[in-house]
Structure formats: C-alpha cells, structure tokens
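Numbering (the working numbering), first residue to last: 1 to 304.
Step one of this worksheet: look at the structure below.
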Ligand SMILES: [Zn+2]
C-alpha cells in the first residue's frame, strides 16, 4: 500500500483548489437539479450562464471565489446581484476538502466516504432551502453507495495503510475502515459500519419516517414530512448505520422544532407551513457522525 508521507497542512493546501471547483460544481447542481424542464437539469454539457440574463459566463469570471470577488458580486452582463450562496458554497467545498485530511486519514475509504457525504449534504441543504426539493438523482445512488462502502471490508478485513499520525509518527490504519469516530481524535480501533447495519439503516431510515408520516396523516389528513426526507434518512442510514441514522432523525427533529415552534408562536408560520426538514437533517448529520458516541455516553451518564 502507498505511504502518504506529506504533512497534513501540505495535503490541505493541495486539496483546497479542488474543493473550490467541487463547490462551484455544487452551485450548478443546486441551481439546475430542481428545475422542471429536462433540458434545464443538464449539469454536464450546458455551459455556465447567468440565471438572470442567460449570458454565458466568461471562464475567468467563473473561477471559484475569485470570480465573485473580481465582479464584486454582480453579473458582468446585467449587473444582477449574485446571491452570497454562490461564493459560500464554493468556500464550503474548499473547506470540506482542505479540512477532510485533518479529520480522516487521507486515502482511506472513510476519507472518501466522509467527503462524499459532506458534499451531498452541502448540495441537498441548499436545494431544500431554496426549492424544497431533495433530488432523487442524488439520493438513489447514495443509497446504493452507502451499502457498497461496506463491501471491501468483507474481502480484505485486515488490509492496512501507512499514514502519518499525531507527532509525525507513521501508524498503520485499517484501509477499509468504515466506521464512525469522535473528531478530531481519530480512533483506528473504532467500530465499523457492517453491511448488516448499513442495510438496516437503509430499511429503517425509509421505514420509520414513513410510519410516523402515516400516523400524522391519519390525524392531520396531510403529509408531515416529504418523500425526499425519507430517502435522505435512507441513504444516511446506509452510510452510517441504523443507530446514528436514528440519532440524525432525532437531532433533525430537535433542530426543526427549535426553529419551527418560535415561528409558529409568532404566527409567521401556521401548522401547515413547510419547513425544509432536509436542512435540519443535513446540519444534524456531522454532529452525530463526529460527536454521536460522546453525546450518547454523556446522555447515558446523565440518566444514571
Ligand atoms: Zn446576468
């Protein structure tokens, strides 16, 4: 196996520009995937254009972050004020990749899985926030990928990769390590997400909210949460196992209530007002993935 003998900060700087480009493509996904027309959902061959005046964007104006700064946040053709969301998503893409190597060992499966999950959450957060849509075209493949991520550990349960650990010591880590650990201290002895936990996560992630929604519909005669939310929980369950997925559902509901109840009390929103639950799930996920075990232990400690 290869040894990645670069210092972490160097990897960070190397990865940052790729992250900015990934963030820039995230903006394309966020803008185009929720579109109604098939042709407008093309994210591959259609060149970048201003959403307001449809003018093609010049390549040097399309450079992540710097293009926006250069244009002082306005379209070069029509002067349309580019929403802060655009540079923000680019920046978050950069932070995601640059930060990934500080949390996960570079080049391992968990590193790739973490980036993929983070990137998907970034895109879904903004499609749900702006259009109340969590596109199937993203969520179905993630359900399959979540389960596939557990397969290499079956074939090579003891495969090791050498990486730089704390204090510049070379440590050997499980190459197909697929588990959850509390950040920032990465624990190579932590639990894996097994294929059983992944499949259960997929099934329960879809099933539990489906049942809750059915009960809600009996009482209120309307859907409590959308279909996109079930699918999001399903792939999160496939990625992180059924236990953390339930934690994400709980955390998301807590966050949704914290935002939704004050809105309802001040009568800005009625009982029927839609809140983007996918956004709450996206925010709850990193908290549960990184601090879930610690939070759970603290909670159990409180009980005893
Ligand atoms: Zn324009």
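Beta carbons are placed, not taken as given, at the ideal position from N, Cα and C, and that holds for glycine.
Quantities reported herein were computed from a predicted structural model and do not represent experimental measurements.
If the criterion is Cβ atoms closer than 9 Å, does the pair residue i and residue j meet it?
i           : j           : result
residue 24  : residue 64  : yes
residue 256 : residue 275 : yes
residue 128 : residue 279 : yes
residue 207 : residue 134 : no
residue 231 : residue 140 : yes
residue 89  : residue 33  : no
residue 117 : residue 285 : yes
residue 28  : residue 48  : yes
Look up residue i in the DSSP assignment and say whether it is helix, strand or coil.
i           : result
residue 76  : coil
residue 185 : With a pLDDT of only 43 at residue 185, under the threshold of 50, the placement of this residue in the model should not be trusted; the figure read from the coordinates follows. Here residue 185 sits in coil by DSSP.
residue 89  : helix
residue 160 : strand
residue 192 : coil
residue 287 : helix
residue 219 : helix
residue 133 : coil
residue 298 : helix
residue 61  : helix
residue 365 : The structure shown does not extend to residue 365, since the chain is modelled only from 1 to 304, so the question has no answer here.
residue 82  : coil
Between residue i and the rest of its own chain, which residues show a CB-CB distance below 7 Å, the 5 nearest in sequence each way excluded?
i           : result
residue 184 : Note on residue 184: pLDDT 42, under 50, position unreliable in the model; the coordinate value appears next. Same-chain partners within the cutoff: 102 and 103.
residue 288 : 244, 247, 248 and 251
residue 94  : 16, 19, 20 and 23
residue 35  : 41
residue 132 : 274 and 276
Once you ignore the five residues that flank residue i on each side, which residues in its own chain have a CB closer than 6 Å to its CB?
i           : result
residue 186 : Note that residue 186 has pLDDT 46, beneath the 50 cutoff, so the model's placement of it is unreliable and the number below is only indicative. Answer for residue 186: no residue qualifies.
residue 15  : 97 and 98
residue 6   : none
residue 238 : 143, 146, 147, 198, 201 and 202
residue 221 : none
residue 125 : 279 and 282
Can you find the residues in the same chain that come closer than 8 Å, C-beta to C-beta, to residue i, ignoring five residues on each side of it along the sequence?
i           : result
residue 31  : 51
residue 80  : 50, 51, 52, 53 and 74
residue 119 : 22, 26, 93 and 96
residue 69  : 87
residue 55  : 49, 75, 76, 77 and 78
residue 259 : 275 and 280
Among the candidates the options, whose CA atom is the shortest distance from the CA of residue i?
i           : options               : result
residue 196 : 213, 231 and 241      : 241
residue 194 : 152, 223, 234 and 159 : 152
residue 236 : 204, 261 and 216      : 204
residue 110 : 161, 67, 72 and 130   : 161
residue 138 : 46, 228 and 299       : 228
residue 192 : 219, 217, 37 and 158  : 158
Is residue i close to chain D? Criterion is C-beta to C-beta, closer than 9 Å.
i           : result
residue 276 : In the displayed structure, chain D is absent; only one protein chain is listed.
For ligand 1, list every residue whose C-beta falls under 6 Å from any of its heavy atoms, going in chain order. 50, 52, 53, 55, 75, 77, 78 and 80
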